[in-house]
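Numbering of the sequence shown is given in numbering that gives the first Met the number 0, commencing with residue 0 and proceeding in unit increments. One structure is given here, and the rest of the page talks about it.
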Amino acid sequence: MHCLGCRTTGTDSPTVGVCQGCGAGVCAAHARVAARSVRRGSQLGAPGAAGARRVLCPVCAAAEAPGAAALTP
Ligand SMILES: [Zn+2]
Ligand SMILES: [Zn+2]
Numbered sequence: 000m001h002c003l004g005c006r007t008t009g010t011d012s013p014t015v016g017v018c019q020g021c022g023a024g025v026c027a028a029h030a031r032v033a034a035r036s037v038r039r040g041s042q043l044g045a046p047g048a049a050g051a052r053r054v055l056c057p058v059c060a061a062a063e064a065p066g067a068a069a070l071t072p
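Structural data, given as structure tokens:
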């Protein structure tokens, strides 16, 4: 698979990941890795959160940024 961001600029770069928002392939330069927490444990056990990660393309990363979300009614 080739990076969609690079593809639109006329170059082909191999992907290192897939955007979790739109499914586009992203290369190392276009990948935006965001931290996310995964809740684990049951109601009976001690609650906890594990650090995980999420790969996004620049477009989805910008759309999900706190500043952009504030513009959404
Ligand atoms: Zn790229
Ligand atoms: Zn995306």
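All residues carry an ideal CB built from backbone N, CA and C; glycine is no exception.
Indicate, with yes or no, if ligand 1 has a heavy atom lying under 7 Å from the CB of residue i.
| i | result |
| --- | --- |
| G4 | yes |
| A60 | no |
| V25 | yes |
From the beta carbon of residue i, is the nearest beta carbon of chain C less than 8 Å away?
| i | result |
| --- | --- |
| C21 | This model lacks chain C altogether; it includes just one protein chain. |
Straight-line CA distance for residue i to residue j?
| i | j | result |
| --- | --- | --- |
| L55 | R39 | 23 Å |
| V142 | A33 | This structure gives no information on residue 142, because the portion of the chain shown stretches from 0 to 72. |
| A49 | S36 | 6 Å |
| G66 | T14 | 28 Å |
With 16 other CB atoms within 10 Å as the buried threshold, where does residue i fall?
| i | result |
| --- | --- |
| R52 | exposed |
| A60 | buried |
| A23 | buried |
Could you check whether the Cβ of residue i sits closer than 7 Å to any heavy atom belonging to ligand 2?
| i | result |
| --- | --- |
| L16 | It should be pointed out that residue 16 corresponds to Gly in this sequence rather than to Leu. No, Cβ of G16 sits at least 7 Å from all heavy atoms of ligand 2. |
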